[in-house]
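Participant:
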Amino acid sequence: MFGKKQQPKRSEPVPPAQPVNKAESSGPLGADTEAESHQQTPTDRPQSRAFERASTSFIGEGLLIEGTIEGAEDMVVEGRVVGGISLPDHHLTVAAAGSLDTELLAAAATVEGCVIGDVRASDLVTIAAGGDVQGDIRASRVALEDGARFKGSIDMDAGAAVGSSLPVEPPVDAAHLKTA
Amino acid sequence: MFTRASRKRAAFTSHVLPQVCAELATREKPNVLDIGGGVASTLDFLSAYGARVFFLDLAEADHADYRASLQAYAGTLFDVCFFWDYLHRLTPGQLSELSDALVPYIYSDTLGYSIFSVPGFNDAGPHTFRLCSAEQLALEPAAVKGYQPWSYREFNTCFDAFSIEQDVLSEDGYLELLFAVE
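Each protein sequence line maps, in turn, to chains A and B. Numbering-wise (my numbering), the first sequence opens with residue 1 and increments by one. Numbering-wise (my numbering), the second sequence opens with residue 1 and increments by one.
#1: Verify whether the separation of the beta carbon atoms of Asp102 of chain A and Val81 of chain A is less than 7 Å.
#2: According to DSSP, is Val181 of chain B helix, strand or coil?
#3: Would you mind reading off the limits of the beta strand (DSSP E) that contains Ala108 of chain A?
#4: Let's see if you can read the secondary structure: which residues bound the beta strand (DSSP E) around Val39 of chain B?
#5: Counting only the same chain and skipping the five closest in sequence on each side, list residues whose C-beta sits under 6 Å from that of Ile154 of chain A.
#6: Hey, how far is the Cα of Gly146 of chain B from the Cα of Arg130 of chain B?
#7: Locate the alpha helix (DSSP H) running through Cys21 of chain B, then write down its first and last residues.
#8: Identify every residue that forms a DSSP beta bridge with Asp146 of chain A.
#9: Could you tell me which of B:Phe162, B:Gln166, B:Leu137 and B:His127 sits nearest to Pro149 of chain B, measuring between CA atoms?
#10: Just confirm the distance between the C-beta atoms of Asp123 of chain A and Ala139 of chain A, as a whole number of angstroms; I'd bet it's less than 8 Å.
#11: Could you list which residues in chain A have their beta carbon closer than 7 Å to that of Leu43 of chain B, in chain order?
#12: Any beta-carbon of chain A closer than 7 Å to the one on Arg52 of chain B?
#13: Going by DSSP, which residues form a beta bridge with Gln166 of chain B?
#14: So which residues of chain B does Phe150 of chain A contact, with C-beta pairs closer than 8 Å?
#15: Using a Cβ-Cβ cut-off of 7 Å (strictly less than) and excluding sequence neighbours within five positions of Asp160 of chain B, which residues of its own chain qualify?
#16: With a threshold of 6 Å, establish whether the CB of Val133 of chain A neighbours any heavy atom of the ligand SAH.
#17: Any residues in the region 71-100 of chain A with a beta carbon nearer than 9 Å to a beta carbon of chain B? Which ones, in chain order?
#18: Can you give me the Cβ contacts of Ala51 of chain B inside the same chain, cut-off strictly under 6 Å, excluding the 5 residues immediately before and after it?
#19: Name, please, each residue of chain A whose Cβ falls closer than 8 Å to the Cβ of Ile106 of chain B.
#20: Please tell me whether Val80 of chain B has its Cβ less than 7 Å away from any Cβ of chain A.
#21: For Tyr152 of chain B, does the count of other Cβ atoms within 10 angstroms reach 16, so buried, or fall short, so exposed?
#22: When you compare only the Cα positions, how much space is there between Ala142 of chain B and Leu17 of chain B?
#23: Beta strand (DSSP E) containing Leu87 of chain A: first to last residue?
#24: What's the C-alpha gap between Glu61 of chain A and Ser99 of chain A?
#25: First and last residue of the beta strand (DSSP E) that includes Thr128 of chain B?
#26: Going by C-alpha to C-alpha distance, which of B:Thr76, B:Gln94, B:Ala134 and B:Pro119 sits closest to Tyr107 of chain B?
#27: Using beta-carbon positions only, say whether Ala96 of chain A and Gly113 of chain A come within less than 7 Å of one another.
#28: Could you confirm whether any beta carbon from chain A is found closer than 7 Å to the beta carbon of Val181 of chain B?
#29: Please classify Pro92 of chain B: does DSSP put it in a helix, a strand, or coil?
#30: Roughly how many angstroms lie between the CA atoms of Arg27 of chain B and Cys21 of chain B, to the nearest whole one?
#31: How would you list, in chain order, the residues of chain C whose beta-carbon sits under 7 Å from the beta-carbon of Tyr66 of chain B?
#32: What does the Cβ neighbour count give for Ser55 of chain A, buried or exposed, with the cut at 16 atoms within 10 Å?
#33: Using the beta-carbon of each residue, which ones in chain A are nearer than 8 Å to Tyr73 of chain B?
#34: Just verifying my parser: in three-state terms, what is the DSSP assignment at Gln136 of chain B?
#35: Excluding five sequence neighbours on each side, which residues of the same chain lie with their C-beta closer than 7 Å to the C-beta of Val53 of chain B?
Right under this line is the structure:
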């Protein structure tokens with residue numbers, strides 16, 4: 001009716017797939033699971049603040065970096081990065097004051113600030129309350145907290161091959177560091 | 001027969017969503033379009049189906065350019081579209097534009113879902129909806145302007161990418177619509 005256009009048909013029916021029982025799943029989904037996975041025991045808690053800083057890179061508030069950042073340790077971004085960030089085996093935190101105008105790849109990412117670009121992670125991506133992501137997320141687990149803003153698609157593929165690099169600009173050098 | 005509902009309510013038991021979810025379960029890695037901002041409980045629920053979820057918050061702009069908004073997902077075909085009550089915030093012209101814009105993104109067996117409060121039965125107005133289970137929604141009143149529930153005739157005229165397959169009016173004045181393409 002009403003002269004509808006012909007829509008594409010599926011080539012073959014797919015076999016029925018049962019939804020995963022959330023309660024039995026070892027995976028993703030939800031703040032409860034996330035909270036449990038983040039619980040620290042006395043044995044795995046960092047020994048000191050100095051130890052914690054030694055294994056984490058900080059991009060401070062007021063810094064603007066243009067280019068690609070590749071790293072082999074955790075990173076906290078409080079400034080602004082335009083380019084790409086690749087931390088395939090580590091955790092990236094975009095702090096509330098931080099912003100990324102870039103594609104990012106990490107083992108896990110927590111966004112409390114703003115990200116405009118695609119996010120890929122082999123494990124968990126968390127958009128915290130107040131966090132804002134505009135782009136597509138591909139990760140094995142994604143958690144949106146109440147108050148998070150997200151616009152884009154989310155593909156939770158447990159077997160996601162995240163890769164180890166981004167098709168972006170050459171690594172940044174010190175000459176590109178600017179004060180915002 | 002129907003009574004007016006109170007202004008606020010926390011939960012809604014759907015008679016239509018179970019069909020949508022049953023269909024989702026038959027599809028491998030379905031693409032789901034959610035007209036709205038990202039919502040945690042909706043994402044959590046849909047991820048159990050292995051769905052790729054596209055949150056498209058068209059309500060952000062007064063005059064959304066639907067073709068441009070969807071262009072980022074060119075080549076994607078949606079298995080299910082959750083319209084919630086967004087369709088009832090549009091003018092007839094916008095409804096028609098959205099319908100035309102969606103045509104390249106739907107299969108011949110794509111399903112659509114809409115729910116809205118029906119003035120006269122329920123004057124709660126527009127809501128934000130959170131999908132909690134295959135038959136349970138959480139509803140919160142939303143402050144948006146231009147809320148104008150449409151008649152079936154207006155839907156059939158302006159939103160002709162889909163046709164109304166099923167409609168269920170709940171006792172408390174929410175009308176659920178199941179849309180099909182063919």
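Quick reminder that beta carbons are idealized off the backbone N, C-alpha and C, glycines included.
Facilitator: Once the coordinates are examined:
#1: The residue you asked about is not Asp; residue 102 of chain A is Thr in the sequence shown. Yes; because the gap between Cβ atoms is below 7 Å, this pair is in contact.
#2: coil
#3: Ser99 to Val111
#4: Val39 of chain B -> no beta strand (DSSP E), and no H or E assigned at all.
#5: Ile137 and Val142
#6: 21 Å
#7: Leu17 to Ala25
#8: In DSSP, Asp146 of chain A forms no bridge with anything.
#9: B:His127
#10: 7 Å
#11: Val142, Leu144 and Ile154
#12: yes
#13: B:Leu178
#14: Gly37, Gly38 and Phe55
#15: Ser99
#16: This structure simply doesn't include the ligand SAH, nor any ligand for that matter.
#17: none
#18: Pro30 and Val32
#19: Gln7
#20: no
#21: exposed
#22: 21 Å
#23: Arg80 to Val94
#24: 10 Å
#25: His127 to Leu131
#26: B:Thr76
#27: yes
#28: yes
#29: helix
#30: 10 Å
#31: Chain labels in this structure do not include chain C; the protein chains are A and B.
#32: exposed
#33: Ser153
#34: strand
#35: Val32, Asp34, Leu43 and Leu46
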